[in-house]
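Undergrad: To convert, take the position in the sequence shown, counting from 1, and add 332; that gives my numbering.
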Amino acid sequence: MKLLFTLLLYLCCRQRDTGPPRKCLKILRTHQHASIYRKAYRRVTDNDEVFEAPLTPLQALKMFVEADLTRRQYEIVRATNPQHFPCYDLVLKAKQECYPPKESLRITATCAESNLQCLMDLTVTRLSKYLEDVIIRLNEQEKKSLMIICKWDCDGSQQSKFKQIYDNETDSDANIFMSSFVPLRIVCGKKGSKIVWQNPTPSSSRFCRPIRFRFVKETTDITKEEIKYVQESIKQLNKTVVMLNEEEFSFGHQLKMSMIDGKVCNAATDTKSTSQCYICGATSKTFNDLSKKNSVNPQALEFGLSVLHARIRIFESIIHLSYKLPVKKYRKRRIEEDKALEAQKKLEIQERFRNETGLLIDMPKANFGNSNGGNTSPRFFENPVLASDFTGINFELIYRFKVILETISSGHKIDAEKYEKYGYDTAKLYVEQYGWHPMTPTMHKILVHGSQIIKSSLLPIGQLSEEAAEARNKHFRSYRLNFARKFSREDCNLDVYYRLLLSSDPFISCLRQIRKPSRKSQSTRRVASMQRKYFDA
Numbered sequence: 333m334k335l336l337f338t339l340l341l342y343l344c345c346r347q348r349d350t351g352p353p354r355k356c357l358k359i360l361r362t363h364q365h366a367s368i369y370r371k372a373y374r375r376v377t378d379n380d381e382v383f384e385a386p387l388t389p390l391q392a393l394k395m396f397v398e399a400d401l402t403r404r405q406y407e408i409v410r411a412t413n414p415q416h417f418p419c420y421d422l423v424l425k426a427k428q429e430c431y432p433p434k435e436s437l438r439i440t441a442t443c444a445e446s447n448l449q450c451l452m453d454l455t456v457t458r459l460s461k462y463l464e465d466v467i468i469r470l471n472e473q474e475k476k477s478l479m480i481i482c483k484w485d486c487d488g489s490q491q492s493k494f495k496q497i498y499d500n501e502t503d504s505d506a507n508i509f510m511s512s513f514v515p516l517r518i519v520c521g522k523k524g525s526k527i528v529w530q531n532p533t534p535s536s537s538r539f540c541r542p543i544r545f546r547f548v549k550e551t552t553d554i555t556k557e558e559i560k561y562v563q564e565s566i567k568q569l570n571k572t573v574v575m576l577n578e579e580e581f582s583f584g585h586q587l588k589m590s591m592i593d594g595k596v597c598n599a600a601t602d603t604k605s606t607s608q609c610y611i612c613g614a615t616s617k618t619f620n621d622l623s624k625k626n627s628v629n630p631q632a633l634e635f636g637l638s639v640l641h642a643r644i645r646i647f648e649s650i651i652h653l654s655y656k657l658p659v660k661k662y663r664k665r666r667i668e669e670d671k672a673l674e675a676q677k678k679l680e681i682q683e684r685f686r687n688e689t690g691l692l693i694d695m696p697k698a699n700f701g702n703s704n705g706g707n708t709s710p711r712f713f714e715n716p717v718l719a720s721d722f723t724g725i726n727f728e729l730i731y732r733f734k735v736i737l738e739t740i741s742s743g744h745k746i747d748a749e750k751y752e753k754y755g756y757d758t759a760k761l762y763v764e765q766y767g768w769h770p771m772t773p774t775m776h777k778i779l780v781h782g783s784q785i786i787k788s789s790l791l792p793i794g795q796l797s798e799e800a801a802e803a804r805n806k807h808f809r810s811y812r813l814n815f816a817r818k819f820s821r822e823d824c825n826l827d828v829y830y831r832l833l834l835s836s837d838p839f840i841s842c843l844r845q846i847r848k849p850s851r852k853s854q855s856t857r858r859v860a861s862m863q864r865k866y867f868d869a
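1. Would you tell me roughly how many angstroms separate the C-alpha atoms of SER742 and PHE581, rounded to the nearest one?
2. Taking the straight line between their C-alpha atoms, what separation do you get for GLU429 and ASP837?
3. How big is the Cα-Cα spacing for GLN496 and CYS612?
4. Are the CB atoms of ILE693 and GLN682 within a distance shorter than 9 Å?
5. Taking the alpha-carbon positions, what's the ILE778 to GLN795 distance?
6. Check each candidate in LEU737, PHE396, ILE650 and GLU764 and name the one with the smallest Cα separation from TYR751.
7. How about LEU437 and GLU445: do their beta carbons lie closer than 9 Å?
8. Give the DSSP-derived three-state secondary structure of VAL775 in the structure shown.
9. So what's PHE635 in DSSP terms, helix, strand or just coil?
10. Taking its Cβ as the centre, do 16 or more other Cβ atoms sit within 10 Å of LYS588, making it buried, or is it exposed?
11. Which same chain residues end up closer than 7 Å to ASN570 when comparing Cβ atoms and leaving out the 5 residues on each side of it in sequence?
12. Counting only runs that start and end within the segment 466 to 506, where is the beta strand (DSSP E) found for 3 or more residues in a row?
13. Ignore the nearest five residues each way along the sequence and tell me which others in ALA748's own chain have a CB closer than 7 Å to its CB.
14. DSSP three-state call for MET395: helix, strand or coil?
15. Using 8 Å as the threshold, is the segment 481 to 498 in touch with the segment 802 to 821, meaning 3 or more CB pairs across them?
16. Count the C-beta pairs between the segment 796 to 803 and the segment 535 to 548 that are closer than 8 Å, then say yes if the count reaches three, no if not.
17. Ordered along the chain, which non-local residues of its own chain (more than five positions away) have a Cβ less than 6 Å from that of SER565?
18. Which same chain residues, not among the five before or five after LEU576, have their C-beta less than 8 Å away from its C-beta?
19. Where does THR362 sit, in a helix, a strand or coil, going by DSSP?
20. Let me confirm a value: PHE547 is counted as buried when at least 16 other C-beta atoms fall within 10 Å, else exposed. Which label applies?
21. Is there a Cβ from chain D that is less than 9 Å from the Cβ of LYS624?
22. Under 6 Å Cβ to Cβ from SER616, same chain only, skipping five residues before and after it: list those, please.
23. Could you spell out where the beta strand (DSSP E) holding ARG544 opens and where it closes?
24. Taking all protein chains shown into account, do 16 or more other C-beta atoms lie within 10 angstroms of the C-beta of PHE727, making it buried, or fewer, making it exposed?
25. The beta strand (DSSP E) with ARG438 in it runs from where to where?
26. Can you say whether LYS604 is buried or exposed, counting buried as having 16 or more other CB atoms within 10 angstroms of its CB?
27. Hey, how far is the Cα of THR402 from the Cα of VAL423?
28. Quick one, are the C-beta atoms of CYS443 and PHE545 less than 9 Å apart?
29. For LYS475, collect the residues of the same chain with a Cβ closer than 7 Å to its Cβ; drop the 5 residues on either side in sequence, then sort them by chain order.
30. Is it buried or exposed, LYS523, if we count other Cβ atoms within 10 angstroms and call 16 or more buried?
31. For LEU587, which residues does DSSP report across the bridge?
32. On the CB-based measure, 16 or more other CB atoms within 10 Å of its CB, does ILE559 come out buried or exposed?
33. What separation, rounded to the nearest whole angstrom, lies between the Cα atoms of LEU516 and ILE840?
34. Start and end of the beta strand (DSSP E) containing ILE408?
35. Give me the Cα-Cα distance between ASN629 and ALA759, rounded to the nearest whole angstrom.
36. Name the DSSP bridge partner or partners of LYS274?
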């Protein structure tokens, strides 16, 4: 009967061969001839070619971006089935829709940038194209109050030197300094109460739009100059007008500088010392004095918690604290024996982590930086028992830091009052256990000012992370090496800028299939009073 039912469905779908569905009923009545129909079914299906509709240029472009293909690679793929894949010229036309007008670009041998107004217009237009069915159903009041909320940043990194001539001998491509923004939400209604669109991956580089990049080294002056440049561009922004279904929709813009690290925060607030808190001005001498309350700079609270760097810095704080456990000295002068004990403790911890977990702790890299990256810290906090055993640091303290870091990076709304109590108790535990060693500025910011930053944040603090901008530095190196022309610095910079725009196009990024996140630790559930998942009514 299963065979006959399958055959019935097949013949109903192939009416052009068997006629009306009533002939299928005749087959059911003559079940004694099932073997005849089975052979016929196999004969037809073996010779029948499955028809697949060819990809549209947009679908091909989505695959092109998702697979990170070059033109040559796409042509090789297309050669396997020319009828299924559109020619590259059609894909190229679809690409042009992802770029702002050429007159809005400024490309030189050391810089590539787009007018911020044109870039915002393009971003809103592409998002509106994806959300057309939703936007046209809004009421009149909501249509007049549309607003796109974004986060922006500026960050520097080292780059490879290319064998290309500069007209100016002082120019160098050894460093890059880039500013970018990420759209987070589109809201409407009274005080933005209704969410039209929410970025599904706010920490992903797939929505990270480049504003400008320059081949200059990151310094305090360069950072201030870039912040001033972007802020002036934001002030000059006008509403974006989009035509949907023969009707005009205008979008306002709101950009917050929250996608930044501690170095940029210090530059923006004129904080000279790295051991000083840029929010309240406290120094390492007073970090452990929890009763002392300094006045807070309200502007500094808008910079967020720098979640990615916070995880790395707290991990390093615990590791460096463990090196000093045999001596228990911080400011006091250390003799040679003390230094030898610290070096021996450091070597023991490094060996244990390397042999038992495979982690490389505090190991210098070949070109720059060390091995304490964004992947090392999560693995360290993944097992607080093991981390406490290796380092000798109090287990409860490590576990509390693990809970706090998971909470602020979750992307959910956090109860600031309960976070404040949990943070204060953690700071108190640290002072009781290791009062001879002051907290680091990052630890002080997370534990003491964390609740204040959460209260002042427009969105859940985890959505304001700087991960997207940090990932963009790696993409820049890859795009410059693999997707850009090398015979001209101007053409090379243009190709890189176009690739950054293409890979962050909102319409294409919204179409991509989001991977299910791996199952993470659920330690935040044990402090459920501290965090609650955010749902829009």
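Glycine included, C-beta positions come from ideal geometry on N, C-alpha and C. All of these numbers come straight from a predicted model, not from anything done at the bench.
TA: Straight from the coordinates:
1. 33 Å
2. Computed Cα separation, rounded: 10 Å.
3. Put simply, the backbone Cα of GLN496 is about 47 Å away from that of CYS612.
4. yes
5. 16 Å
6. Ranking the options by Cα distance to TYR751, first place goes to LEU737.
7. yes
8. Residue identity check: residue 775 is Met in the sequence provided, not Val. If DSSP states are grouped into helix, strand and coil, MET775 belongs with the helices.
9. Reduced to three states, the DSSP call for PHE635 is coil.
10. buried
11. Taken in chain order, the residues that qualify are GLN449.
12. 479 to 490
13. SER783, ILE786 and LYS787
14. helix
15. yes
16. yes
17. Apart from the 5 residues on each side of it in sequence, SER565 sits with its Cβ closer than 6 Å to the Cβ of LEU448 in its chain, given in chain order.
18. Setting aside the 5 residues that flank it on each side, LEU576 is surrounded in the same chain by SER460, GLU464, ILE467 and ILE468, each with a C-beta closer than 8 Å to its C-beta; the list follows chain order.
19. Its pLDDT being 49, under 50, THR362 is placed unreliably by the model, and nothing is read from it.
20. buried
21. Absence of chain D from the displayed structure is noted, only one protein chain being present.
22. SER607 and PRO770
23. 541 to 546
24. Residue burial annotation: PHE727 is exposed, with fewer than 16 other C-beta atoms found within 10 angstroms of its C-beta.
25. 437 to 439
26. Exposed: under 16 other Cβ atoms inside 10 Å.
27. 12 Å
28. yes
29. If the five residues before and after LYS475 are omitted, its C-beta is found closer than 7 Å to the C-beta atoms of PHE581, all from its own chain and listed in chain order.
30. exposed
31. CYS482
32. Result: buried.
33. 16 Å
34. For ILE408, there is no enclosing beta strand (DSSP E); the residue is part of the alpha helix (DSSP H) that begins and ends at 403 to 411.
35. 21 Å
36. Within the shown structure, residues of the chain are numbered from 333 to 869, placing residue 274 beyond reach of any answer.
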